[in-house]
Amino acid sequence: MESHGAAVLRRPELRDCPWIGCDARDAHSLDKALSSSGVDLVVHAAGPFQGDAACSPLEAAIRHGVPYMDVCDDATYAQRAKRLEPAARAAGVPALSTAGIFPGLSNVMAADMVTRHAGGRAPARVLYSYYTAGTGGAGPTILETTFLLAGQDVVVYRDGKQLTVPAISNRRPVDFGTTIGTKSVYLYNLPETHTGRAVFQAPSISARFGIDPGVFNVAMILVARLLPKRWLEDRALVQTLAKLTAPLVALVDCFAGDRVGMLIEVELEDGKVLASLYVHDHLAEGMGAAVAAFAASMLKKEACSVPDRSAFFSAASEGARTFQLGRAAWEIGSTPRRFGMGIYL
Numbered sequence: 000m001e002s003h004g005a006a007v008l009r010r011p012e013l014r015d016c017p018w019i020g021c022d023a024r025d026a027h028s029l030d031k032a033l034s035s036s037g038v039d040l041v042v043h044a045a046g047p048f049q050g051d052a053a054c055s056p057l058e059a060a061i062r063h064g065v066p067y068m069d070v071c072d073d074a075t076y077a078q079r080a081k082r083l084e085p086a087a088r089a090a091g092v093p094a095l096s097t098a099g100i101f102p103g104l105s106n107v108m109a110a111d112m113v114t115r116h117a118g119g120r121a122p123a124r125v126l127y128s129y130y131t132a133g134t135g136g137a138g139p140t141i142l143e144t145t146f147l148l149a150g151q152d153v154v155v156y157r158d159g160k161q162l163t164v165p166a167i168s169n170r171r172p173v174d175f176g177t178t179i180g181t182k183s184v185y186l187y188n189l190p191e192t193h194t195g196r197a198v199f200q201a202p203s204i205s206a207r208f209g210i211d212p213g214v215f216n217v218a219m220i221l222v223a224r225l226l227p228k229r230w231l232e233d234r235a236l237v238q239t240l241a242k243l244t245a246p247l248v249a250l251v252d253c254f255a256g257d258r259v260g261m262l263i264e265v266e267l268e269d270g271k272v273l274a275s276l277y278v279h280d281h282l283a284e285g286m287g288a289a290v291a292a293f294a295a296s297m298l299k300k301e302a303c304s305v306p307d308r309s310a311f312f313s314a315a316s317e318g319a320r321t322f323q324l325g326r327a328a329w330e331i332g333s334t335p336r337r338f339g340m341g342i343y344l
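Everything in the sequence shown is counted per numbering that gives the first Met the number 0, starting at 0 for the first residue and increasing by one.
So this is what it looks like as structure tokens:
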């Protein structure tokens, strides 16, 4: 009820929307909610997804024959959801996982470069880089998620080999364009590494994330290195840790803002590098637009349905400060000046 009340305060037009309490991890509670008439789509956004033992909302959606999507950002949960594909197909239920902003919109941006801008050349490397100012306005949820991810070893692919490295490692400076500038990002165990490898067949692929101010990244590195992994796998303990640090983080958020940036780079087999950049001044609004675009793509009978990728990108990037697709890498950075003959300044 607290979340519903907060949502109504932010968006008064939601006041007249029906509200039903539901436990996303309880089958009986889900069945009761989905038994209501007029359910067109399940949108599972009740994270964090890390540590969930079952995909209960997806299983309930399949039982009730209702289309499903989620905003999962956990590799294990996404793989578990994928294993339910045969059941969803048998029931005729469309199901879409990892359909948020990152992963989600970022995956479609990568796919667009590989299929539309690569000119038939195969991708040799795909790099996902993400940035948020503070918690991006997501508060305790993103804190819990980040703490839980700090306890997961990271799977990356390099030259066709699967490697496992420590969480929040392998710092890389990334230029997110003139609005954000160059920020440090670090390896995290995110679903797009696995799905990108399966779909694009790129020999090298990884996903990185960074937070402003930089001291947050240092703090998360210390958490990942110093705290026992079993503590970081305990959701109750992590939730307590997130609540304890929330006041300090909220104070920092007042100064840091809630901007979000995504840079997706695709290196082709001939060495050419393509890049796509997304920047939004408010993470929550950007996330909402991306989720709404995915939802519209699944509601084919609705007037708001998204008929193609171009329309999807238009809807998903609503309100974005920057949205560039399939550009040469030199066009994306903070100083996109090309003087010819291979000279860039």
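Note that CB positions come from ideal geometry on N, CA and C, so glycine has one too.
Considering only the beta carbon of each residue, do F322 and A292 sit closer than 8 Å?
-> The Cβ atoms of F322 and A292 lie no closer than 8 Å to each other.
7 Å Cβ shell around L142 - same chain, five flanking residues per side excluded | So the qualifying residues of the chain are T134, A241, T244, A245 and V248.
Near L83, what residues of its chain come up, given a Cβ to Cβ distance below 8 Å and the 5 sequence neighbours on each side ignored?
-> Result list for L83: C54, L57, E58, I61 and A94, in chain order.
Could you check what DSSP says for I19 in three-state terms: helix, strand or coil?
-> When secondary structure is reduced to three states using DSSP, I19 falls in the coil class, being assigned neither helix nor strand.
Residues in its own chain within less than 7 Å of T144 by CB, not counting five upstream and five downstream?
-> Counting only Cβ-Cβ distances below 7 Å, and skipping sequence neighbours, we find G46, P47, Q49 and D72.
Would you kindly check if the distance between the Cβ of V259 and the Cβ of L276 is under 8 Å?
-> Going by C-beta atoms, L276 is not nearer than 8 Å to V259.
From the DSSP output, in three-state form, read off G103 for me.
-> Residue state, collapsed to three classes: strand.
From which residue to which residue does the beta strand (DSSP E) around P11 run?
-> Taken as a continuous stretch (DSSP letters only), P11 belongs to no beta strand (DSSP E), as it is neither H nor E.
Anyone know if the C-beta pair for V107 and I204 falls short of 8 Å?
-> No, they are not a contact pair.
For the candidate residues T114, G91, V70 and E284, whose alpha-carbon lies nearest to that of G99?
-> Ranking T114, G91, V70 and E284 by Cα distance to G99 puts V70 first.
Pick from S168, A328 and F199: whose alpha carbon is nearest that of F175?
-> F175 has its Cα closest to that of A328, out of S168, A328 and F199.
Just checking my contact of P202 with G159 at CB under 8 Å: how many whole Å lie between their CB atoms?
-> The Cβ separation is near 4 Å, so the contact holds.
Euclidean distance between Cα positions of S96 and Y185 = Cα-Cα distance, rounded: 24 Å.
Among all the DSSP beta bridges, which residues are the ones paired with I263?
-> Note: I263 sits in a beta bridge opposite Y127 and S275.
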